[in-house]
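K.L.:
These protein sequence lines are chains A and B, in that order.
Taken in order, the first sequence gives residues 1 to 911; the numbers are from this note's numbering.
Taken in order, the second sequence gives residues 1 to 419; the numbers are from this note's numbering.
Where is the CB? At the ideal position from N, CA and C, for every residue including glycine.
Here it is, the structure in full.
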Amino acid sequence: SSSSSTGTASAPQDYNSYTSYSNTTDPYSAYSGYYNGYQQQTNNQYSQQQPNPSYSQPVEAYQNTGAAYQPNSSFQNTGSYAGTASYSTTYYNPGNYQTSGGYPSSGYNNQPTAWNNGSYANYTSYQYPNYTSDTSSAYSSVSAPATYQQQYKQWPEYYSQTEVTCAPGTEHLSAASNSNHGSSLPTSLPPPPPLPPPSLTPTWRPETSSSELPSMQPGGAASGAHDNYWNQPAPSFQTHLAAPTQPIYQNSLDSKTSYENFQELKTAPQGLNSQYPVVHQVSQNYQSTLPTVPSFDARRVSKLQIPTNPRIASNAALGIAKTEKDSYAANSAPRPAYISVSVQKPNDKMSPNNAADPMLKPTMLPKSLRGYVERAFGRYKDDDAKRAACEAYMKDIITEARADGTLYTRDWDSEPLFTVPDSLSISKANIQTPTHASIPNYNKSPVRRSKSRWEPLAEEKMLEKPVSASNEIGKYGSWDRKTFSGYSATKDNSLSSFRFSGPQQRTPSKSAQRPMKRQRIVNGTGLTNNDDDASSDSDKEQSLTAYYSGAMALANNPEEKKRRESRSKRFDRGQGHRPDINYFKPKNAGPANLYTRRASALMLSKSFDDSANQAVEDIDWDALTVKGTCQEIEKRFLRLTSAPDPSTVRPEDVLEKALLMVQNSQKNYLYKCDQLKSIRQDITVQRIRNQLTVKVYETHARLAMEVGDLAEYNQCQSQLQILYSEGIEGCLMEFAAYNLLCVILHSNNKKDLLTSMSRLTPEAKEDDAVKHALAVRAAVTSGNYVTFFRLYKSAPNLNTCLMDLYVEKMRYKAAVCMSKSYRPTVPISYIAQILGFSNAADENGETELSGLDECLEWLKAHGASLITDNTGEMQLDAKASSSTLYMPEPEDAVAHGDSSLAVNDFLARTT
Amino acid sequence: MAYLSMGESHRRITDYLNRFADAINYQDGDSLARLFSVSSDSPSLLSLADALNVFQDANRLIKQSEKFSQFGEVVAPFFRSLQCYRLGNLVDAYGAFEKASNAFIQEFRNWESGWALEALYVIAYEIRVLAERADRELASNGKSPEKLKGAGSFLMKVFGVLAGSCDLQGKGPKRVGALYVTCQLFKIYFKLGTVNLCRSVIRSIETARIFDFEEFPIRDKVTYMYYTGRLEVLNENFPAADQKLSYALTHCCLSKEANIRMILKYLIPVKLSIGILPKKQLLENYDLVEYNNIVEALKRGDLRLLRSALQENEDQFLRSGVYLVLEKLELQVYQRLLKKIYIIQKQKDPSKAHQVKLEVIVKALKWLEIEMDLDEVECIVAILIYKNLMKGYFAHKSKVVVLSKQDPFPKLNGKPVAS
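Structure representation (structure tokens):
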């Protein structure tokens, strides 16, 4: 894949993650690479030296991811988004990073992991998240450039964030970089709406751009700087691209150096004023590097990605001291098409303006949102401090909105303006109804709604094209979005929003810092540093977020907003008690955000440590039984590592809808399983024990049976038995039968079997399903294969599914038995009939022959000796076979024992 | 209840305390044991309980003298337990008793010799019985019964004390008490249905060098063999089950008919599985008539009778855990049936006797009102041959079972049916 090619670049660690997108459309495909690696140290270095080298490593990682993603259409975006996505993932799955290998922060990897966490923790390799649809970014800008530019000017800081990579890149990043892209890219970008997942993989390129962007931010100086950045990115791209294939890019890219590290960038994006300073520094570095370059977009993209991360970061805030450390080498791998010169220029122009806020860049944003932004800023024309706060706030809001997928769907015109906290200086006036909407297209796109776990949150929203792919993804990603939404909500609450934003942006940095799962550790270190800078504060938040990303994820729903508000207030009250918290919050951001995010008791306890010393054990768990407020129907499963946050928990009525949704869903089992697990979790934390509970478990048990997921089935079954014993109605008989079958066929525990049988009521014994199960039991214990396969054909409900798992064993036993008892031969046709092979034929609608063929194959595979008698009929040579029969190793055997969990298999099935 | 004066109450309590102190001072294990047996409902303890309910301040009496107060930690909770027991509050009685037992174990640990083993036995027994009753009370109140589980962990602790006492110098005098505690544990685990917990205890009994099985008291050995035999039945390890249960049977005191019956209840199915049928007299002597029809079915090759006998006593067999064992006898019944067919054929025409047509078998089953088609019967025949219950082969083409001319139906002779 392209990513591999980038690998050649061999950039040092700096760029951890590169996404590639290969758009079917081609031009873009090459570029997607962004790098996520933001190792803090290297920042400056990147720009010139290494972009290439650094990428190389990432590349490999991506490649993998690419493959994984390909199945999902959503991946297309990955290139640019990857960065963002990666961050998000980081929060969830530290483990994933490890897989990524060298890249501490590789965003891509993380993202995938994130969704993995939910249900498929095992597959670290999944990089899907990264690939969210990027397309959206491309769109953004067309009309609005002018306006944006203005805006940018206002917010130099944003710049850095906004670095938009090539059109493709931007798309990916969409969320973060929207504004920038919009202005510059739209024209240039042909926007490859269709995101060909496969293409993506090859294309991966690390994008340095993101890092650069931050540097841009400084604003005035920026313009020059911007140019540089752009240029720089280009080179980086080239390298990446080269491998991928698109020569065009290479050229352009070559000239430009990659760059920047974004530690600062991250902070800057986060928005808070404090962060910005850092950014500027970075930018300076970059500035030197290069003149105008198309690469812009890419950079922006990368930045954008970063913002998404912040979500994570927000939680982490406590722990993460300094994102600064992290340098983001965002390489924007501009897509060739994008590279087009004309585009670049616009970008440059834009860049200064945009610099202020990547998020805010007009291109990326819907018109209405732009209007909203303008209004928001309008309020603070006179007050720089407030405006800065406002910017930060806006970023948060936008990021969240992206994450939520509401970026385009939300009614920005009617969205209340946030108020900048007093300390900050305010934002009240600024936010007005958003008037500008250059990005309307996106708004309506389904993509946003679909939440893919795979994709980085923000990105998804952006992409229109990816939609189809993203939809699938969307399922998984749903919670991500939610989280974002939650943030957005918080934005509404001025204080809270700030906090969140900070963390989100920071997240990227976090990822960079922590190569692996040990985000926590990193955070801790970061904390120490924080004191100095506001940015440092933000970093801390980020780190926390990373830590508690899980919790945060829960809290994303819009409904949570209100809750968060109230909670944030609560926390505010408490601030006095906790010095730690206060210090985390930069000037602008109130402590509230942190708290709001963290749903976890742990966090609370930590925060209280100094004063209250509350231990986890002291927490009143009963008091933590929550009443959910989340209205999202879809939600990713994430194992709780802390107390549940009511804002991420769905109340019963929503859960019912969710259950219906899952039942009617056409998506695959893994998706459904994940959704059901999240439903089960919500039910558990709310202590709902009624028919709904039973229904959920029954639904899940059935689904699990259908795919042979015994582990999940057993969980459900044991819960069901408890629920039934409490007198809650359900399909008692049906599950009694399943239970029997399961014990007989799979656990072979005599004691359990006796217990189960002795518990059957006389009525139960009259039930068809139970009778069937008992008959199967008898057939199995006596080894009566004829009866077994007859029962197999007449199985009610899903009894067949459970029997399926025993068929192979039964057939083998039968074959052994027959080879010993029969002489001289047994006709294959008879064996096929007796051992249920003809059944398969019926299913296929084919003739009896196919059952026969299947039987033949099976016998051969098991070492049977076959002969043809004088009538030409195939016979089993019983005597010869009796010593040669063997049980072959299952072909799909996997080390972890569950082939259904195999990544490749899963991916193959997903498509 | 007759009115009990304070003076009388006081007298009874001090009397008990004196006896308690004496038992310990004289290392009189039997007397001490009697003083602990709450559930024995002995008159002396009952009257003490009444006295305690009248004289509420027994603790003062205990503390009064140095002679009593040294046992305060044992006696005080014991008094409370006795009071609660008398009042029918079994949950609290159990709780207090466990507390007293804990204190006693601490003392016991310090005693060099095993003189107090008898008392320990009583405590182990009482704690189990009280826990069972407490659980019954809890269950009737709709609460979750958990006391027996608690008693299980307490007894594990006692087991550890007994086994641990031997560590220092080879064999300690208290080790012989370990098997009694083990048996109490078995009872608890079987009652709770957590028989897999038995494994760890069994392992230490059978492998630890400090234990010499023959050294244990005979009654404990019998109990132990009975329970381990039952475990083997569950595992369908018939030879081992046969050996253990037979040991229990042969060592069991002949006067304990109930115990013999319990052993036979498991031993008979095991023996049936290895082809040994009991005399009818035995079944009747020990009131094990539920096996009558099963034995009869085996003798006659009457599948229908076997099935109906199983059906009839299904609940009982399921509860005792022998259902699956008995069900497996079906193959032996088939074997018997085929053998009968073979014998009849032999009488008619010895030259063709070794060829049994499938149709004949189907017809025979039909007479038993069991409808089976050719395929099913063919499968049964194949299994019989496969499991070596029948020697010969099956010719599919002609649908004929061709029997070996030499010993076509080998007897099990104490060996289980091949799996």
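Within a Cβ cutoff of 7 Å, which residues of the same chain sit near Leu36 of chain B, ignoring the five residues on either side of it in sequence?
P.N.:
Note that residue 36 of chain B corresponds to Phe in the displayed sequence, not to Leu. Result list for Phe36 of chain B: Ala119, Val122, Ile123 and Glu126, in chain order.
K.L.:
Which residues in chain B have a C-beta closer than 7 Å to the C-beta of Cys817 of chain A? List them in chain order.
P.N.:
Going along chain B in sequence order, the residues near Cys817 of chain A (Cβ under 7 Å) are Ala382, Ile383 and Tyr386.
K.L.:
Taking the alpha helix (DSSP H) that Lys63 of chain B belongs to, which residues open and close that run?
P.N.:
Ala58 to Gln64
K.L.:
Cα separation between Lys256 of chain B and Leu798 of chain A?
P.N.:
51 Å
K.L.:
For Tyr180 of chain B, which of helix, strand or coil comes out of DSSP?
P.N.:
helix
K.L.:
Which one or two residues does DSSP pair with Met874 of chain A in a beta bridge?
P.N.:
A:Thr868
K.L.:
Rounded to whole angstroms, what is the Cα-Cα separation between Glu8 of chain B and Ala93 of chain B?
P.N.:
24 Å
K.L.:
Between the alpha carbons of Ile683 of chain A and Gln675 of chain A, how many angstroms are there, rounded?
P.N.:
12 Å
K.L.:
Taking 8 Å as the threshold, find out whether the stretch 143 to 154 of chain B comes into contact with the stretch 52 to 67 of chain B through three or more Cβ pairs.
P.N.:
Output reads no: the stretch 52 to 67 of chain B does not touch the stretch 143 to 154 of chain B.
K.L.:
Compute the Euclidean distance between the alpha carbons of Val780 of chain A and Leu306 of chain B, then round it to the nearest angstrom.
P.N.:
19 Å
K.L.:
Between the C-alpha atoms of Met156 of chain B and Lys147 of chain B, what's the straight-line distance to the nearest angstrom?
P.N.:
14 Å
K.L.:
Would you report the Cα separation of Leu254 of chain B and Tyr266 of chain B, rounded to the nearest angstrom?
P.N.:
17 Å
K.L.:
If you count every other CB in all the chains shown that lies within 10 Å of the CB of Ile218 of chain B, and 16 or more means buried, which is it?
P.N.:
exposed
K.L.:
So, does the CB of Pro824 of chain A fall closer than 9 Å to a CB anywhere in chain B?
P.N.:
Yes, Pro824 of chain A counts as interfacial toward chain B.
K.L.:
Closest Cβ-Cβ distance between Gly193 of chain B and chain A: below 9 Å?
P.N.:
yes
K.L.:
Please decide whether Tyr886 of chain A counts as near chain B, where near means a Cβ-Cβ distance under 9 Å.
P.N.:
False, the Cβ-Cβ gap to chain B never drops below 9 Å.
K.L.:
Check each candidate in B:Asn259, B:Asp242, B:Ser246 and B:Tyr247 and name the one with the smallest Cα separation from Ser273 of chain B.
P.N.:
B:Asp242
K.L.:
Looking at the C-beta of Ser865 of chain A, does it have a partner C-beta in chain B at a distance below 9 Å?
P.N.:
no
K.L.:
So, with DSSP's three-state summary, where would you put Val322 of chain B?
P.N.:
In this structure, DSSP gives Val322 of chain B a state outside helix and strand, which the three-state scheme calls coil.
K.L.:
Residues in the stretch 705 to 738 of chain A with C-beta within 9 Å of chain B's C-beta atoms, listed in sequence order?
P.N.:
If the cut-off is 9 Å between Cβ atoms, the stretch 705 to 738 of chain A has nothing near chain B.
K.L.:
What does Tyr785 of chain A touch in chain B if you count any residue whose Cβ is under 8 Å from its own?
P.N.:
Cys379
K.L.:
Using a Cβ cut-off of 7 Å, pull out every chain B residue sitting near Lys751 of chain A, in sequence order please.
P.N.:
Val195 and Leu234
K.L.:
Consult DSSP for Lys415 of chain B and reduce its assignment to one of helix, strand or coil.
P.N.:
Correct three-state label for Lys415 of chain B: coil.
K.L.:
So with CB distances below 7 Å, who are the chain A contacts of Arg319 of chain B?
P.N.:
Under the 7 Å cutoff, chain A gives Ser758.
K.L.:
Between the stretch 848 to 859 of chain A and chain B, which residues of the former have CB atoms less than 7 Å from a CB of the latter, in chain order?
P.N.:
none
K.L.:
Quick one, are the C-beta atoms of Leu655 of chain A and Val694 of chain A less than 9 Å apart?
P.N.:
no
K.L.:
Please decide whether Ile828 of chain A counts as near chain B, where near means a Cβ-Cβ distance under 9 Å.
P.N.:
no
K.L.:
Checking contacts by CB at 9 Å: is Lys328 of chain B closer than that to chain A?
P.N.:
yes
K.L.:
Output yes if chain A places a C-beta closer than 9 Å to the C-beta of Glu376 of chain B; else output no.
P.N.:
True, the Cβ-Cβ gap to chain A drops below 9 Å.
K.L.:
Taking 6 Å as the limit between beta carbons, can you name the residues of its chain near Gly114 of chain B, skipping five residues before and five after?
P.N.:
Pro173 and Lys174
K.L.:
Hey, how far is the Cα of Asn664 of chain A from the Cα of Leu835 of chain A?
P.N.:
35 Å
K.L.:
With C-beta atoms as the reference, is Leu374 of chain B less than 9 Å away from Leu358 of chain B?
P.N.:
yes
K.L.:
Per DSSP, what are the beta-bridge partners of Thr825 of chain A in this structure?
P.N.:
A:Asp877
K.L.:
Could you tell me the distance, in whole angstroms, from the CA atom of Leu288 of chain B to the CA atom of Ile268 of chain B?
P.N.:
9 Å
K.L.:
Answer yes or no: do Met803 of chain A and Ala814 of chain A have a C-beta to C-beta separation smaller than 9 Å?
P.N.:
no
K.L.:
Please determine, among B:Arg336, B:Tyr189, B:Thr194 and B:Thr182, the residue with the shortest C-alpha to C-alpha distance to Arg203 of chain B.
P.N.:
B:Thr182
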